[in-house]
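Notes for the one structure printed next.
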Amino acid sequence: MRAALASRDGRLWLGVGAFCLLCFLLAPRVVWIGEYPDALVIPFASWITTGMSAFVDSFRWLFRALAALVDVPLVGVRTALQATPWLVVMVLACALAWRARGPGLALLTACALGYMVVTGYWVQSMNTLALVVVSVPLSVAVGFGMGVAAAYSERVNRIVQPTLDFMQTIPAFAYLIPILFLFGFGPAVGLIASAIYAAPPMVRNTILGLRSVPAGVRESGVMSGCTPRQGFWQVEVPTALPQIMVGVNQTTMAALSMVIIAAIIGGFDDIGWEVLSTMRKAQFGQSLLAGLVIALLAIVLDRISFGLARNRFAGETPDERAARRQRTWATAVALALGALLLAMLFPVFDDYPRDLRVYPAGQLNEAVNWFLRHYSGAMDALKNTVLFFGMLPFRIGLNQAVSPFTWGFALEPWMTAAYGVAAAALFLWLLWRGRAGGALAVALVAVLLWWGTTGLPWPVVIAAATALGFQTGGLRTAGFVAASLIFVLVNGLWEPLMLSVYLCGIAVAISFAIGGALGVWAAHNDGVSAFLRPINDTLQTMPQFVLLIPALMLFKVGEFTALLAIISYAIVPPVRYVEHALRNLPQGTVEAARQMGCTPWQILTQVKLPLALPGIMLGLNQTIMYALSMLVIAALVGTQGLGQQVYLALSQADMGMGVVTGLSMALLAMTADRILQAASRRHQEKLAVGTAAPA
Amino acid sequence: MPERETPPAKLSCRHLWKVFGGLPTGFRAEADAREMAEAMRAEGRIPAVVDANFDVGAGEIFVIMGLSGSGKSTLVRCLSRLIEADAGEVLLDGQDILKKSSRELVEIRRHKMGMVFQDFGLLPHLSVLENVAFPLKVQGMAEEARRKRAQEMIELVGLEGRESAYPRQLSGGQQQRVGIARSLAVEPDLWFLDEPFSALDPLIRRQMQDEFLRLQRMLNKTIVFITHDFMEALKLADRIAIMKDGEIVQIAPPAEIVLRPADAYVAEFASEAPLSRLLTARDVMTPGAAAAGDLPKVPAGMTLDDVTAEFLRSGAERLAVMDAERGCVGTVASEEVARAVARRDADRESA
Ligand SMILES: Nc1ncnc2c1ncn2[C@@H]1O[C@H](COP(=O)(O)OP(=O)(O)OP(=O)(O)O)[C@@H](O)[C@H]1O
Ligand SMILES: [Mg+2]
Chain A
1 MRAALASRDG
11 RLWLGVGAFC
21 LLCFLLAPRV
31 VWIGEYPDAL
41 VIPFASWITT
51 GMSAFVDSFR
61 WLFRALAALV
71 DVPLVGVRTA
81 LQATPWLVVM
91 VLACALAWRA
101 RGPGLALLTA
111 CALGYMVVTG
121 YWVQSMNTLA
131 LVVVSVPLSV
141 AVGFGMGVAA
151 AYSERVNRIV
161 QPTLDFMQTI
171 PAFAYLIPIL
181 FLFGFGPAVG
191 LIASAIYAAP
201 PMVRNTILGL
211 RSVPAGVRES
221 GVMSGCTPRQ
231 GFWQVEVPTA
241 LPQIMVGVNQ
251 TTMAALSMVI
261 IAAIIGGFDD
271 IGWEVLSTMR
281 KAQFGQSLLA
291 GLVIALLAIV
301 LDRISFGLAR
311 NRFAGETPDE
321 RAARRQRTWA
331 TAVALALGAL
341 LLAMLFPVFD
351 DYPRDLRVYP
361 AGQLNEAVNW
371 FLRHYSGAMD
381 ALKNTVLFFG
391 MLPFRIGLNQ
401 AVSPFTWGFA
411 LEPWMTAAYG
421 VAAAALFLWL
431 LWRGRAGGAL
441 AVALVAVLLW
451 WGTTGLPWPV
461 VIAAATALGF
471 QTGGLRTAGF
481 VAASLIFVLV
491 NGLWEPLMLS
501 VYLCGIAVAI
511 SFAIGGALGV
521 WAAHNDGVSA
531 FLRPINDTLQ
541 TMPQFVLLIP
551 ALMLFKVGEF
561 TALLAIISYA
571 IVPPVRYVEH
581 ALRNLPQGTV
591 EAARQMGCTP
601 WQILTQVKLP
611 LALPGIMLGL
621 NQTIMYALSM
631 LVIAALVGTQ
641 GLGQQVYLAL
651 SQADMGMGVV
661 TGLSMALLAM
671 TADRILQAAS
681 RRHQEKLAVG
691 TAAPA
Chain B
1001 MPERETPPAK
1011 LSCRHLWKVF
1021 GGLPTGFRAE
1031 ADAREMAEAM
1041 RAEGRIPAVV
1051 DANFDVGAGE
1061 IFVIMGLSGS
1071 GKSTLVRCLS
1081 RLIEADAGEV
1091 LLDGQDILKK
1101 SSRELVEIRR
1111 HKMGMVFQDF
1121 GLLPHLSVLE
1131 NVAFPLKVQG
1141 MAEEARRKRA
1151 QEMIELVGLE
1161 GRESAYPRQL
1171 SGGQQQRVGI
1181 ARSLAVEPDL
1191 WFLDEPFSAL
1201 DPLIRRQMQD
1211 EFLRLQRMLN
1221 KTIVFITHDF
1231 MEALKLADRI
1241 AIMKDGEIVQ
1251 IAPPAEIVLR
1261 PADAYVAEFA
1271 SEAPLSRLLT
1281 ARDVMTPGAA
1291 AAGDLPKVPA
1301 GMTLDDVTAE
1311 FLRSGAERLA
1321 VMDAERGCVG
1331 TVASEEVARA
1341 VARRDADRES
1351 A
């Protein structure tokens, strides 16, 4: 115990503890410790707004011209999709799906498009599709170009990589704000935003693909007498193509996701807007039906672009391949012409009549209402239990959460004392057992639970987080953590930050607990694994928007709904990463443990989990990233915090606010990322050292 | 072989240097190479090719042998200019290819050079036929013509029937046959092979070596062949260059390497050689036709294994060694054979 206290980390935390104690003691007397004074807020946001206004005023013509420029192909594609009879579009889409994967996918495509026709969402779906169709080639072209530049030039790469990292931590909504500011309202905003938002995966995969072309392949191209240009286009790009196509697939999904999010600015009769507006009017049946369109669109786009990435026709001669291509095209054209003819003869196939629509929104609403009527007691109980006993203490702390209204009794002094004594006892016991890490965790959680994220004085949070950064990653990480938090603080966003930390923290804790358990289960049971995989795939391809609908239907607007939505999105990474990490352990070690007579439980807890820890940490990292990105979307269903601030900035077209808040969220994400990565590195070093020095 | 007259040099390498990390400023080609290399290593540079000098005659199989990391690949990549040498000359038909512009180089590769890679270097997205036709395609040969030519090459390496397979569907040996066919498609004079068989199983490797010798008898290319396998070098080479730490320590025909290794490093390799299969009657005979009389005759190129068998079969004490052109060139006694084969064991014991 004395050793633990005397170590470098021990002294660090002793100091932090003393500092925090001082803060707590002074907080009631010194106001600015409890709450950062408004007078000290630095108005970065309004400076940015002013600066940008000046900039935009002088360059408005340029951006408006650009917007008009990208509007041309958009209008073209949209008009073409609208004017073409739906049957023809469907036939062509099915032909593409068949070519990509086979008859199964063609059938799925037909069903998905059929659903859009029958429910009457055809026009909106095609408008959304038009945005995707125009923005994906833009992203792909830009992403490919940047990827090539970075793959061949180390100097470019050194700029591109951190930019990509940064871009991927900025919440999706935040992209919209500057673009809105520059380009004004209109479909071009969604287009440009999604083209930018969706480019990073293309860049990453292009770099990865080109860099992993084997030297032998590249050299054999040179020795075959390729000019540099021939070598690039005929040797390197085709060899890297599978990886590049993975990029196209991811870019397509990101573009769709952003197009849906961009619907929030409105002005474009698309399916995202349909969901959003019905959701705002609490027409859940309608928004569910429209949400299903998005889900189907996502699944079909994903499968088609993924299918195109693979070459399924190995083993045919070039002649056969050419012949098959010709056949496919001929068939597609023939079918399309047939469909066109049909559409001209029977208008049903051109413009699906309104009175043939199947639109069970009313019934759905009734069903939901019926369900809510019958089970509202249970649902409310569930919601209130989680709210009062789980969420509230985290937010405002036990010292305020425990009240007759919520917990059914008031907080007596003896309870406070008992809490303190119990926490201290556990802390000291762990310390005495030499488990300094556990003791530290107990202390942090006990303090956090008592005061809540919003009740903690800001110096305490900054000191603890910085110390954590220092302990895991040294001075650099500590500096980054402190700078990030202080940036948020001086921008007057401390309160929203803490609310975000609270909601995300709970969501991450629950997602990670449930998802991790599922991952462990899936790692040991192939059936479970096979069952979970398609669910995970679907949750992950789904534009985040859609996940709000079911939660909203059942629990109405509120933090609990937001929590559910965040969890449903953030639960995927822990399942995946934990399963993957556990399934890819060195077999020898596990078998040796079994040989030594460990029980399965002992093997899991004492061998597998410690060994798999780096992979699991990566999963935790991803869980946090997913939760943060969903947090902004969840602001739509009523959360407070940074997400809400971004959303507000967007609706007020407040450039400065949007930039500062978006940046704050990115910094929060990066802070979590840095600390976790540093911790993971430390752990890995320990493992490596452990194996190198058996004594 | 000593008697064979040296063919005109097709490829010559003069004072070639390649130093990873760059040549130091005070570099002088005339200075003592070994000393200079040591100095470079001390500075943290990696001299991968140190003052390489050799000639490869037309139609010769020139094998470069050395342990892993001795600079073989680097040397052959300098010869083909896949990487740029730092100093020296590489003369192909008397012209320094290190001075060629990149455009001229493309032309040279399109018509004069072929190369086979250790990891095959096949293009994964092309079928066997398209892979073999690839060098012809990039020079703009018409589709029909290049397909015909590629088909011939595929038949040459015995892969007919697999034209439409993709590389990942082939075994390692088959993939390397594709690599060989592709490198031969442009009918190069000069053929580089960088450890072409190292990635293959021993059995397949032996088969491919025989195949390689068969091809060479038909095609008569000028060959630079890299290997780290001494037996392979002995089996295939007309002459062997042995590399150590970037330096060529000996260049000689196989028998001479084995019989007269230049230093302890070479001797270490040579000690593994199965002398009785490697040395021929010519290597151990007593020259002079006078004593031949009417002794039983053996060809000069017969290995000592077979010569021993001939002694046992004929029961003779001495055999006449016959050269195809010059008739009897010497005689060989059974104890001479025995001494040559046993020499190595004696060496070992005395060591
Ligand atoms: N691009 C490079 N940069 C720095 N050093 C290199 C590079 N390529 C090779 N080397 C070094 O040059 C030396 C010779 O390498 P080379 O690949 O030519 O060896 P090799 O004889 O072909 O070995 P192997 O049998 O393993 O193929 C090695 O020490 C290697 O580490
Ligand atoms: Mg090599």
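Going down the list, the sequences are from chains A and B. Note that the working numbering has the first sequence beginning at 1, numbered continuously upward. Note that the working numbering has the second sequence beginning at 1001, numbered continuously upward. The beta carbon of each residue, even a glycine, is placed where N, CA and C say it ideally should be.
Checklist line | contact_flag[the stretch 225-244 of chain A, the stretch 1138-1147 of chain B] where n(CB pairs < 8 Å) is 3 or more | finding: The stretch 225-244 of chain A makes contact with the stretch 1138-1147 of chain B; the number of CB pairs closer than 8 Å reaches 3 or more.
Item checked: DSSP three-state assignment for P1287 of chain B, whether helix, strand or coil -> In this structure, P1287 of chain B counts as strand in the three-state DSSP scheme.
Notebook entry, point to check: What residues in its chain sit with their C-beta under 6 Å from that of L564 of chain A, if we drop five residues either side in the sequence?
Noted result: Closer than 6 Å at the Cβ level, and outside the excluded window around L564 of chain A, lie A551.
Check: Which residues have a Cβ closer than 5 Å to any heavy atom of ligand 1, listed in chain order?
Finding: After applying the 5 Å Cβ criterion, the set is B:F1020, B:I1046, B:A1048, B:S1068, B:G1069, B:S1070, B:G1071, B:K1072, B:S1073, B:T1074, B:H1228.
Checklist line | For H683 of chain A, the three-state DSSP class (helix, strand or coil) | finding: Helix.
Notebook entry, point to check: Sorted by chain position, which residues of the same chain lie with C-beta nearer than 6 Å to R1004 of chain B's C-beta, five sequence neighbours on each side aside?
Noted result: Caution is warranted here: a pLDDT of 47 is assigned to R1004 of chain B, below 50, making its placement in the model unreliable, and the coordinate value is therefore given only provisionally. Result list for R1004 of chain B: empty, nothing under 6 Å.
Notebook entry, point to check: Any idea which residues DSSP pairs V1116 of chain B with across the strands?
Noted result: V1116 of chain B pairs with B:L1193.
Next item on the list: Name, please, each residue of chain B whose Cβ falls closer than 8 Å to the Cβ of T239 of chain A.
Entry: L1123, P1124, H1125, listed in chain order.
Check: For F1117 of chain B and chain E, any beta-carbon pair shorter than 8 Å?
Finding: The structure shown has no chain E; the protein chains it does contain are A and B.
Note to self: What are the residues in the stretch 1080-1103 of chain B lying within 7 Å of chain A by C-beta distance?
What the structure shows: S1080, L1082: these are the residues of the stretch 1080-1103 of chain B whose beta carbon lies less than 7 Å from some beta carbon of chain A, given in chain order.
Notebook entry, point to check: Which value, in whole angstroms, describes the spacing of the CA atoms of S1350 of chain B and A1267 of chain B?
Noted result: Annotation note: pLDDT 49 at S1350 of chain B (below 50); position unreliable, coordinate value reported separately. C-alpha of S1350 of chain B to C-alpha of A1267 of chain B: approximately 14 Å in a straight line.
Check: By DSSP, does S58 of chain A sit in helix, in strand, or in coil?
Finding: Three-state result, S58 of chain A: helix.
Notebook entry, point to check: Closest Cβ-Cβ distance between V1178 of chain B and chain A: below 8 Å?
Noted result: It does not: the Cβ of V1178 of chain B has no partner Cβ on chain A nearer than 8 Å.
Check: Can you name the residues of chain B whose CB is closer than 9 Å to the CB of T227 of chain A?
Finding: Residues of chain B passing the Cβ test: S1102, R1103, V1106, V1138.
Next item on the list: Find the residues of chain B that neighbour G216 of chain A, judging by a C-beta separation of less than 8 Å, and give them in chain order.
Entry: Correct list: F1117, Q1118, D1119, F1120, G1121.
Item checked: H1125 of chain B, buried or exposed, once every other Cβ within 10 Å from all chains shown has been counted against 16 -> With 16 or more other Cβ atoms inside 10 Å of its own Cβ, H1125 of chain B counts as buried.
Notebook entry, point to check: Do Y647 of chain A and A635 of chain A have their C-beta atoms closer together than 8 Å?
Noted result: The answer is yes: Cβ separation under 8 Å.
Margin query: Could you check whether the Cβ of E1195 of chain B sits closer than 7 Å to any heavy atom belonging to ligand 2?
Written below: Because some heavy atom of ligand 2 lies under 7 Å away, the Cβ of E1195 of chain B counts as near it: yes.
Next item on the list: For chain A, find out if any of its Cβ atoms is closer than 8 Å to the Cβ of P1135 of chain B; answer yes or no.
Entry: So, interface residue.
Item checked: Spatial neighbours of I1061 of chain B in its chain, beta-carbon cut-off 7 Å, leaving aside the 5 residues before and after -> So the list reads Q1216, I1223, F1225, L1236, A1237, D1238, once near-sequence residues are dropped.
Notebook entry, point to check: Given 8 Å as the limit, is there contact between the stretch 110-119 of chain A and the stretch 79-97 of chain A, that is, 3 or more CB pairs closer than that?
Noted result: At 8 Å Cβ cutoff, the stretches touch.
Item checked: Reference G455 of chain A; option with closest CA among A:V481, A:R395, A:W432 -> Of the candidates A:V481, A:R395, A:W432, the one whose C-alpha sits nearest the C-alpha of G455 of chain A is A:R395.
Notebook entry, point to check: Can you tell me the Cα-Cα spacing of A693 of chain A and K686 of chain A, whole angstroms?
Noted result: Bear in mind that the predicted position of A693 of chain A carries a pLDDT of just 32, short of 50, making it unreliable; the figure below should be weighed with that in mind. Taking the straight line from one Cα to the other gives about 10 Å.
Next item on the list: Rounded to whole angstroms, what's the CA-CA distance from M1001 of chain B to V1258 of chain B? Just pull it up for me.
Entry: Legend: pLDDT at M1001 of chain B = 43, less than 50; position of this residue unreliable, value from coordinates given subsequently. Taking the Cα positions, M1001 of chain B is about 13 Å away from V1258 of chain B.
Note to self: Between V481 of chain A and chain B, is any beta-carbon pair separated by less than 8 Å?
What the structure shows: Not closer than 8 Å to any Cβ of chain B, the Cβ of V481 of chain A fails to qualify, so no.
Margin query: DSSP has C1013 of chain B in a bridge; who is on the other side?
Written below: C1013 of chain B is bridged to B:F1054, B:V1090.
Check: At least one CB of chain A closer than 8 Å to the CB of R1110 of chain B: is that the case?
Finding: For R1110 of chain B, the answer is yes, since a Cβ of chain A falls inside 8 Å of its Cβ.
Notebook entry, point to check: Who are the neighbours of M1113 of chain B on chain A, taking C-beta pairs under 7 Å?
Noted result: Within chain A, the residues near M1113 of chain B are M223.
Next item on the list: Assign M630 of chain A to one of three DSSP states: helix, strand, or coil.
Entry: Per DSSP, reduced to three states, the secondary structure at M630 of chain A is helical.
Next item on the list: Pull up the DSSP beta-bridge partners for V1063 of chain B, would you.
Entry: Looking at the DSSP output, V1063 of chain B bridges to B:F1225, B:I1240.
Notebook entry, point to check: What whole-angstrom Cβ distance do V1019 of chain B and D1086 of chain B have, given they're in contact under 8 Å?
Noted result: The Cβ separation is near 5 Å, so the contact holds.
Next item on the list: Tell me, please, whether the stretch 462-479 of chain A touches the stretch 502-511 of chain A by the rule of three or more beta-carbon pairs shorter than 8 Å.
Entry: Because the criterion of three Cβ pairs below 8 Å is not met, the stretch 462-479 of chain A and the stretch 502-511 of chain A do not touch.
Margin query: Which residue wins for smallest C-alpha separation from P43 of chain A, given the options A:A367, A:M657, A:Q677, A:L342?
Written below: Looking at the Cα atoms, A:M657 is the closest of the given residues.
Item checked: Other residues of its chain near A1029 of chain B: CB distance less than 7 Å, five sequence neighbours each side excluded -> Sequence-distant Cβ neighbours of A1029 of chain B in its own chain, meaning closer than 7 Å and more than five residues away, are H1015, A1087.
Item checked: Neighbouring residues, chain B, relative to Q540 of chain A (Cβ below 7 Å) -> Scanning chain B for C-beta atoms nearer than 7 Å to the C-beta of Q540 of chain A yields nothing, as the closest lies near 28 Å away.
Check: Straight-line CA distance for V368 of chain A to P214 of chain A?
Finding: Distance between the alpha carbons of V368 of chain A and P214 of chain A is about 57 Å.
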